[in-house]
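In this note's numbering, the protein residues as written are 878 to 1073.
Spelled out as structure tokens, the structure:
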């Protein structure tokens, strides 16, 4: 694999990541899990959503971690409709934030719980382990090496699987290149142009 342009971007923008939300919520010294959920197969079914929220609640309490939930409007609506607001009453709920703000939160969290395609990769960029709440993922390289954990929403051992995030795992280097993918692509294109 040549690399990944997303990783190039992450490294290039790192010094611009924002800690505004972090400072506003006074989270600088408070360990927390960063949560994002929005996919229909996770939030539209009451049993699945309840299983996810219970699992996060149990794990965060056991580990003594705060939960910062960047809550999508779809997810907020389903939680309200299913009468689950009490399950998240002690969590810190924030509106969805932009890339720089989200990356600031990511850099300072302990773990990630997400069904976002991008955030599960960005967690690796930031050296944070992630529980990916999906039946499968396009980024199998991250689950195959044991860095990310794949947990379907209806898994009856959800809490137990989530607790695997606390197990120390060696960071798998160089999965997505060295941050110079764009330069390598341009160099290759220039070579191809000269040959034609």
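Here a beta-carbon is modelled for each residue, glycine too, at the ideal position from N, C-alpha and C.
DSSP places residue 1028 in the coil class of the three-state scheme, outside both helix and strand.
Residue 1070 and residue 924 have their C-alpha atoms spaced approximately 55 angstroms apart. Unbroken alpha helix (DSSP H) runs of no fewer than 4 residues, entirely contained in the segment 966-1031, are found at 976-985, 994-1002, 1017-1021, following chain order.
Taking a 10 Å sphere around the C-beta of residue 1025, we find 16 or more other C-beta atoms and assign the residue as buried. Scanning the segment 886-949 from its first residue to its last, the whole beta strand (DSSP E) runs of 3-plus residues come out as 909-913, 943-947.
In this structure, residue 1042 lies away from residue 982, with their beta-carbon atoms at least 8 angstroms apart. Around the Cβ of residue 939, a 10 Å sphere holds fewer than 16 other Cβ atoms; the residue is exposed. The closest CA to that of residue 913, considering only 900, 1022, 899, 953, is found on 953.
Residue 900 sits exposed, since fewer than 16 C-beta atoms from the chains shown fall within 10 Å of its C-beta. Here the segment 989-1006 lies against the segment 880-888, with 3 or more beta-carbon pairs under 8 angstroms apart.
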